[in-house]
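First to last, the sequence lines map onto chains E and B.
Using my numbering, you'd call the opening residue of the first sequence number 63 and step up by one each time.
Using my numbering, you'd call the opening residue of the second sequence number 63 and step up by one each time.
What follows is one structure encoded as structure tokens, with my remarks underneath.
There are 2 protein chains.
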Amino acid sequence: MIKIGICGYGNLGRGVLAAIKNSKDMELVKIFTRRDPKTVKIEIEGDYVASIDDILSYQDKIDVMILCGGSRTDLPEQTPYLAKYFNVVDSFDTHANIPTHFKNVDENAKNSGHIGLISTGWDPGMFSLNRAIMEAILPVGNDYTFWGKGVSQGHSDAIRRIEGVLDARQYTIPKDEAINSVRNGENPTLTTRQKHLRECFVVAKEGYDLDKIESQIKNMPNYFSDYDTIVHFISMEELTKNHSKLPHGGFVIRSGKTGLNLENNHVIEYSLKLDSNPEFTGSVLVSYARAIYRLHKEGNKGAMTVFDIAPKYLSTLSYEELLKHTL
Amino acid sequence: MIKIGICGYGNLGRGVLAAIKNSKDMELVKIFTRRDPKTVKIEIEGDYVASIDDILSYQDKIDVMILCGGSRTDLPEQTPYLAKYFNVVDSFDTHANIPTHFKNVDENAKNSGHIGLISTGWDPGMFSLNRAIMEAILPVGNDYTFWGKGVSQGHSDAIRRIEGVLDARQYTIPKDEAINSVRNGENPTLTTRQKHLRECFVVAKEGYDLDKIESQIKNMPNYFSDYDTIVHFISMEELTKNHSKLPHGGFVIRSGKTGLNLENNHVIEYSLKLDSNPEFTGSVLVSYARAIYRLHKEGNKGAMTVFDIAPKYLSTLSYEELLKHTL
Numbered sequence: 063m064i065k066i067g068i069c070g071y072g073n074l075g076r077g078v079l080a081a082i083k084n085s086k087d088m089e090l091v092k093i094f095t096r097r098d099p100k101t102v103k104i105e106i107e108g109d110y111v112a113s114i115d116d117i118l119s120y121q122d123k124i125d126v127m128i129l130c131g132g133s134r135t136d137l138p139e140q141t142p143y144l145a146k147y148f149n150v151v152d153s154f155d156t157h158a159n160i161p162t163h164f165k166n167v168d169e170n171a172k173n174s175g176h177i178g179l180i181s182t183g184w185d186p187g188m189f190s191l192n193r194a195i196m197e198a199i200l201p202v203g204n205d206y207t208f209w210g211k212g213v214s215q216g217h218s219d220a221i222r223r224i225e226g227v228l229d230a231r232q233y234t235i236p237k238d239e240a241i242n243s244v245r246n247g248e249n250p251t252l253t254t255r256q257k258h259l260r261e262c263f264v265v266a267k268e269g270y271d272l273d274k275i276e277s278q279i280k281n282m283p284n285y286f287s288d289y290d291t292i293v294h295f296i297s298m299e300e301l302t303k304n305h306s307k308l309p310h311g312g313f314v315i316r317s318g319k320t321g322l323n324l325e326n327n328h329v330i331e332y333s334l335k336l337d338s339n340p341e342f343t344g345s346v347l348v349s350y351a352r353a354i355y356r357l358h359k360e361g362n363k364g365a366m367t368v369f370d371i372a373p374k375y376l377s378t379l380s381y382e383e384l385l386k387h388t389l
Numbered sequence: 063m064i065k066i067g068i069c070g071y072g073n074l075g076r077g078v079l080a081a082i083k084n085s086k087d088m089e090l091v092k093i094f095t096r097r098d099p100k101t102v103k104i105e106i107e108g109d110y111v112a113s114i115d116d117i118l119s120y121q122d123k124i125d126v127m128i129l130c131g132g133s134r135t136d137l138p139e140q141t142p143y144l145a146k147y148f149n150v151v152d153s154f155d156t157h158a159n160i161p162t163h164f165k166n167v168d169e170n171a172k173n174s175g176h177i178g179l180i181s182t183g184w185d186p187g188m189f190s191l192n193r194a195i196m197e198a199i200l201p202v203g204n205d206y207t208f209w210g211k212g213v214s215q216g217h218s219d220a221i222r223r224i225e226g227v228l229d230a231r232q233y234t235i236p237k238d239e240a241i242n243s244v245r246n247g248e249n250p251t252l253t254t255r256q257k258h259l260r261e262c263f264v265v266a267k268e269g270y271d272l273d274k275i276e277s278q279i280k281n282m283p284n285y286f287s288d289y290d291t292i293v294h295f296i297s298m299e300e301l302t303k304n305h306s307k308l309p310h311g312g313f314v315i316r317s318g319k320t321g322l323n324l325e326n327n328h329v330i331e332y333s334l335k336l337d338s339n340p341e342f343t344g345s346v347l348v349s350y351a352r353a354i355y356r357l358h359k360e361g362n363k364g365a366m367t368v369f370d371i372a373p374k375y376l377s378t379l380s381y382e383e384l385l386k387h388t389l
């Protein structure tokens, strides 16, 4: 059994816990939290919650630590630090800062003899892996990534920060017209507005001007101003009833040409339709924890990403079974 | 530049040639044929065709030999034999014999210090890689593979062997109803007949009984008797005009559950829509040739499959570029 620690227990931590329970070769050792462990309720029986202050005393008891904090402030600190003491996996998703994060983790992981696999999940993660392989196979072509339909927590948070907003949920929706054009091999040049639509469900506080809130949302730079945005005002009951799940998904599509005169077109498409974004992301993290456990046993160290991992390391099947049943 | 040899020059060999021409880091050294080299016309300028009898004299001039023979008689002999002298890649696709083929190649490749990567292309190949990763991420679930719409050369050949048939083209067509059920997460149990339809375009010789030919096709064991089969009799002109391309494609879909009570469903889908089956397969072979060239330089040897190859080895991008642009 591969012994797993979970550092941070929000939506993603709960997703990782469920994925461990559904994996035959994994066992949970401990969940580490910044909160008082006594106040943290978990969904399984047993004494599994400890303070993050005690994390280093578990060095010999944990094979891989899965980091479930946020990309803005938690992971830039935690992943390099914990790579000094554990094999670690994270889902760091601030694309622009990935090279720096990789370098910070690499240095500490190499010095301590551990592996730190960063930025896995679905994007970055599965989508990145597919983008890399698609481009390798069809070098003459373009790839397109669409997100949704799904809840963007960052955009939901941005709406909540507007004065007069009690709660909100924002769905990112890819536009069918754009997807179909890509699928048909038309290699379109698409603007931000042409690719995705943003639909917002907002609960307003009493007495606030709804038109003003709507206008503030639609004109918010970076988040909404470059998109077609639809705003619905609903009651708190309706939000709780119809918008409390965290579905997501998306598409990576590459359209490319082959032939001595580039006369043939091909379309490769990878898509995800997820009922629960954090549970799927947690499942990906757990598979990569398996991979780095094995690669560490083989003597590897340093920072890694999905680009470094051969598929056999992710699978619970033996190589013989893979040859016989999966190839 | 990675120096490539092509062994066997049919449809697949031509697809590999085009893929080499579209790859910036590859150059063709020689095409080896069993025919008299003078009789083999190729689509590029230059002295590129040699007899297969001279292949061993190219040991120092070729980094990777891409084998483009058939799986029935060529590859079971050629891949193990040539692995004694070259790094080799093949598209061996007789699923039941893959473990034996792997073993034969492994022994010779290990002894000679080469790598022999077998059974790549799209199925086996890209579909296998996706099946393995999907199952690792969603262990509680089912995967489904659908082929088509596309030309099955094996089924077309089977029709041509019927007395009174001049030529034929068979399309394998996945049934929308089955695909939609899988996409909706219904986890159906599907019979052979429920998954695919077979549509045949047949040119009959004059004076033969068309009803008899149609009945012989529809009742042919293994090939057609388990399927709904549609037969159209057409003229040779129509066959040449409308059915001379080799399109293909298909879908791998995994539907799986997560959550402590398996309460959430997820659907992962990988699909291909290919104008030219041999050119796409050739493009995959060339990417894997790049990978084993690099892995051989790192000191690896023996038989491999897509399960052994980390994505970074397939890509022409540097690791820094992958982190920056692709992750």
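Ideal placement from N, C-alpha and C gives every residue a C-beta, glycine not left out.
Quick caveat, the model's predicted, so the values are computed rather than measured.
Identity of the residue in the options nearest residue i by Cα
| i | options | result |
| --- | --- | --- |
| residue 261 of chain B | B:120, B:247, B:280, B:270 | B:280 |
| residue 298 of chain E | E:288, E:97, E:231, E:243 | E:231 |
| residue 148 of chain E | E:216, E:389, E:119, E:85 | E:119 |
| residue 390 of chain B | B:270, B:282, B:110 | Because chain B here runs from 63 to 389, residue 390 of chain B falls outside it and cannot be looked at. |
| residue 369 of chain B | E:329, E:77, E:378 | E:378 |
| residue 222 of chain B | B:184, B:263, B:195 | B:263 |
| residue 183 of chain B | B:174, B:155, B:304 | B:155 |
| residue 319 of chain E | E:121, E:352, E:196, E:312 | E:196 |
| residue 233 of chain E | E:309, E:144, E:122, E:108 | E:309 |
| residue 163 of chain B | B:354, B:137, B:284, B:203 | B:137 |
| residue 85 of chain B | B:113, B:344, B:358, B:388 | B:344 |
| residue 125 of chain B | B:107, B:150, B:387, B:307 | B:150 |
| residue 327 of chain B | B:236, B:292, B:204 | B:204 |
| residue 127 of chain B | B:355, B:380, B:202 | B:355 |
| residue 383 of chain E | B:157, B:389, B:199, B:173 | B:157 |
| residue 175 of chain B | B:360, B:388, B:373, B:380 | B:360 |
| residue 66 of chain E | E:130, E:300, E:73 | E:130 |
| residue 202 of chain B | B:145, B:220, B:329 | B:329 |
| residue 220 of chain B | B:285, B:371, B:76 | B:285 |
| residue 289 of chain B | B:235, B:296, B:314, B:373 | B:235 |
| residue 199 of chain B | E:282, E:83, E:389 | E:83 |
Nearest-angstrom beta carbon gap, residue j and residue i [assumed within contact, 8 Å]
| i | j | result |
| --- | --- | --- |
| residue 32 of chain B | residue 363 of chain B | Outside the shown range of chain B (63 to 389) lies residue 32 of chain B, about which nothing can therefore be said. |
| residue 159 of chain E | residue 142 of chain E | Actually they do not touch by this definition, with Cβ atoms about 12 Å apart. |
| residue 331 of chain E | residue 245 of chain E | 7 Å |
| residue 68 of chain B | residue 93 of chain B | 5 Å |
| residue 247 of chain B | residue 317 of chain B | 5 Å |
Residues bridged to residue i (per DSSP)
| i | result |
| --- | --- |
| residue 319 of chain B | B:327 |
| residue 65 of chain E | E:89 |
| residue 112 of chain B | B:94 |
| residue 261 of chain E | E:233, E:292 |
| residue 47 of chain B | Residue 47 of chain B lies beyond the stretch modelled for chain B, which goes from 63 to 389, so this question has no answer here. |
| residue 274 of chain E | Answer is none; residue 274 of chain E lacks a bridge partner. |
| residue 313 of chain B | B:208, B:333 |
| residue 266 of chain B | B:227 |
| residue 7 of chain E | Given a span of 63 to 389 for chain E in the structure shown, any question on residue 7 of chain E remains unanswerable. |
| residue 187 of chain E | E:184 |
| residue 203 of chain B | B:318 |
Burial state of residue i (16 or more Cβ within 10 Å)
| i | result |
| --- | --- |
| residue 134 of chain E | exposed |
| residue 217 of chain B | buried |
| residue 266 of chain B | buried |
| residue 140 of chain B | buried |
| residue 269 of chain E | exposed |
| residue 71 of chain E | buried |
| residue 291 of chain E | buried |
| residue 352 of chain B | buried |
| residue 335 of chain B | buried |
| residue 115 of chain B | exposed |
| residue 367 of chain E | buried |
| residue 302 of chain E | exposed |
| residue 375 of chain B | buried |
Contact the stretch 251 to 265 of chain B vs the stretch 186 to 193 of chain B: 3+ CB pairs below 8 Å = no
May I ask you to verify whether the stretch 174 to 182 of chain E touches the stretch 204 to 214 of chain E, counting CB pairs closer than 8 Å and requiring at least 3?
-> no
Should the stretch 90 to 101 of chain E be called in touch with the stretch 234 to 241 of chain E, which here means at least 3 C-beta pairs below 8 Å?
-> no
Quick one: any contact between the stretch 278 to 292 of chain B and the stretch 219 to 227 of chain B, if contact means 3 or more CB pairs under 8 Å?
-> yes
Sufficient close CB pairs (3 or more, under 8 Å) joining the stretch 333 to 342 of chain B to the stretch 344 to 353 of chain E = no
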